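Notes to accompany the following structure.
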Amino acid sequence: MLPLFSTAYMPSVHYLAYLARYEEASIEQYETFPKQTFRNRANIATGNGIQTLSVPVIRPQGNHTRTDEMVISYKEAWNVQHWRAIVSAYNASPYFLYYRNELEKILMHPYERLLDLNDDLLHFLLKSFKIDCKIHYTEDYTPASPELTDYRDTLTSKKPLLNIALPPYYQVFDSRYGFQANLSAIDLLFNLGPEAKDYLKKLPITI
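Okay, so the sequence shown: first residue is -10 according to the numbering used here, each after it adds one.
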């Protein structure tokens, strides 16, 4: 049975670090979409501190809407706002120039479903970090069980259950705020570039 992850919007360093330990992994798409998780939000480090970027979503089936049914709302130009925030936060980072065009292209694309946006962002990160993990999607809802390695809530909730110490790395605003851990993996990528994968591999993770 493959390890099971939730979908995530520009997933965190913890999320990518765990995913990098597997050759294959599965993402849950048939769960009832929960509120206030990193399935549709991400944290970045800005000149004003940590900023949460949230993708506005529509629930066609109300509170019973599944993750694969979640629709992105473009009532406001959230993607333009997110991109401006990312440019402002990381334009001075060492490797932003190398990755910016592909990330901007993804964010500016008019996706209908949240799952499709998240999938393209995840594969952008896997390629950029040179992580060889084949991604599958569930064919039905997968209930929790002792046999299942289940990261659906532990890696994406607002209060993650996993407590992995992340060694400091250079961040643009660390002189102002100190090191800010477990942000979106784009923070690690823009600041460490080709060394980002080595950073993930050295983390004390047991699976």
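A virtual CB, placed ideally from N, CA and C, is assigned to each residue, including glycine. None of the values given here were measured: they were computed from a predicted structure.
Residues in its own chain within less than 6 Å of residue i by CB, not counting five upstream and five downstream?
{"i": "K119", "result": "K186"}
{"i": "D57", "result": "Q18 and L104"}
{"i": "T54", "result": "F22 and R48"}
Since residue i and residue j should fall inside the 8 Å C-beta cutoff, what is the C-beta to C-beta distance between them, to a whole number of angstroms?
{"i": "E12", "j": "D121", "result": "7 Å"}
{"i": "S164", "j": "P0", "result": "27 Å between Cβ atoms; not a contact."}
{"i": "L(-7)", "j": "Y126", "result": "That belief does not hold up - the Cβ atoms of L(-7) and Y126 are roughly 11 Å apart, past 8 Å."}
{"i": "A14", "j": "I124", "result": "6 Å"}
{"i": "T35", "j": "A74", "result": "7 Å"}
{"i": "P45", "j": "N180", "result": "The Cβ separation is near 28 Å, so there is no contact."}
{"i": "N107", "j": "T(-4)", "result": "5 Å"}
Considering only residues of the same chain and omitting the five flanking positions on each side of residue i, which have a CB-CB separation below 7 Å?
{"i": "R10", "result": "I194 and I196"}
Output the distance between the C-alpha atoms of residue i and residue j, rounded to the nearest integer angstrom.
{"i": "K191", "j": "K116", "result": "19 Å"}
{"i": "A66", "j": "K94", "result": "15 Å"}
{"i": "P(-2)", "j": "L114", "result": "One detail in the question is off: residue -2 reads as Tyr in this sequence, not Pro. Y(-2) and L114: Cα-Cα distance of roughly 11 Å."}
{"i": "E20", "j": "V60", "result": "15 Å"}
{"i": "I47", "j": "S62", "result": "6 Å"}
{"i": "A6", "j": "L178", "result": "12 Å"}
Which first and last residues belong to the alpha helix (DSSP H) in which residue i is found?
{"i": "S164", "result": "D163 to Y166"}
{"i": "L42", "result": "Taken as a continuous stretch (DSSP letters only), L42 belongs to no alpha helix (DSSP H), being part of the beta strand (DSSP E) at G38 to S43."}
Check whether the Cβ of residue i lies closer than 7 Å to any Cβ atom in chain B.
{"i": "G36", "result": "Of the chains in the structure shown, none is chain B; there is only one protein chain."}
Whole beta strand (DSSP E) runs in the region 49 to 136 with 3 or more residues, listed along the chain?
For the region 49 to 136, the full-length beta strand (DSSP E) segments reaching 3 residues or more read 123 to 126 along the chain.
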